[in-house]
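Numbering (this note's numbering), first residue to last: 2 to 206.
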C-alpha cells in the first residue's frame, strides 16, 4: 500500500475525494476484484475519503498495517492486473465515522476503527489540539457479505491535533484484535466476539 491519499492497490484501494477541514465519514466498500473478497449510528456527512477493499475468495489475509509480512506485499497469486474501465463490482458497503484507520482482514472478517464525534470542532492544524467529545469504536464485519458482527464502543474525549479519529489499523493475531487508539488506549479484544480481554491506557501512566 503506497501513500495515505493515493489509491492503494495491495488489498485496499483508497480513493480520496476533495476534503473539507472537517474530515468526512469514510465508506467501507468491498468490491469483487480478483475473486475474494453495522451497527452504524447516524454520521456527519461532508466530502471525505472512499475506502474500497479489493480481495479474493480464500485469498491471503491482510491482518495488520502493511499486510501479513509488514512489507506492503500482498502474496496472492490470482490478483487482477488492472481495474476494469467500468470499475469493480461493489459487493457491500457500510458508512463509518471519522478515522485515519485502515481495515484489517483475517479469517473471513474485516476489522476497522472509527470515531463518532458528538461535540467540538476539528481544525486539522498541528498547532491547535482539537477538543472533542465522542465515541470511539472497533467494528467487525463479515468479509463476504458485510454483515455486522460486533462493535466495541466507548466514550472517549480527544485533545489531540488532527482529531479525525483513530490513527492505527487493527492488528489481528491468534484470535485476538489489538487496537491502539488516538489518545493512547491499547485494547486487546476477542476476534470473534469483541469482548475485552485486557486494556491499557498509556495516557494515564
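The beta carbon of each residue, even a glycine, is placed where N, CA and C say it ideally should be. This structure is a prediction, so every number in the text was calculated from the model and none was measured.
Excluding the 5 residues flanking it on each side, residue 127 has same chain C-beta neighbours closer than 6 Å at 162, in chain order.
Under the DSSP assignment, residue 142 falls in the beta strand (DSSP E) whose first and last residues are 131-143. Taking all protein chains shown into account, residue 110 has 16 or more neighbouring C-beta atoms within 10 Å of its C-beta and is therefore buried. Straight through space, the alpha carbons of residue 84 and residue 170 are spaced by roughly 25 Å. With distances taken between CA atoms, residue 158 lies nearest to 117 out of 90, 75 and 117.
Assigned with DSSP and collapsed to three states, residue 204 falls in helix. Rounded to whole angstroms, residue 103 and residue 167 show a C-alpha spacing of 9 Å. Between residue 123 and residue 164, the gap from beta carbon to beta carbon is short of 7 Å. Secondary structure note for residue 89: it is in no beta strand (DSSP E), with a DSSP letter that is neither H nor E.
A residue is called buried once 16 or more other Cβ atoms fall within 10 Å of its Cβ, and residue 68 is buried on that count. Taking every protein chain shown into account, the CB of residue 205 has fewer than 16 other CB atoms within 10 angstroms, so this residue is exposed. Where residue 118 is concerned, the enclosing beta strand (DSSP E) starts and stops at 110-120.
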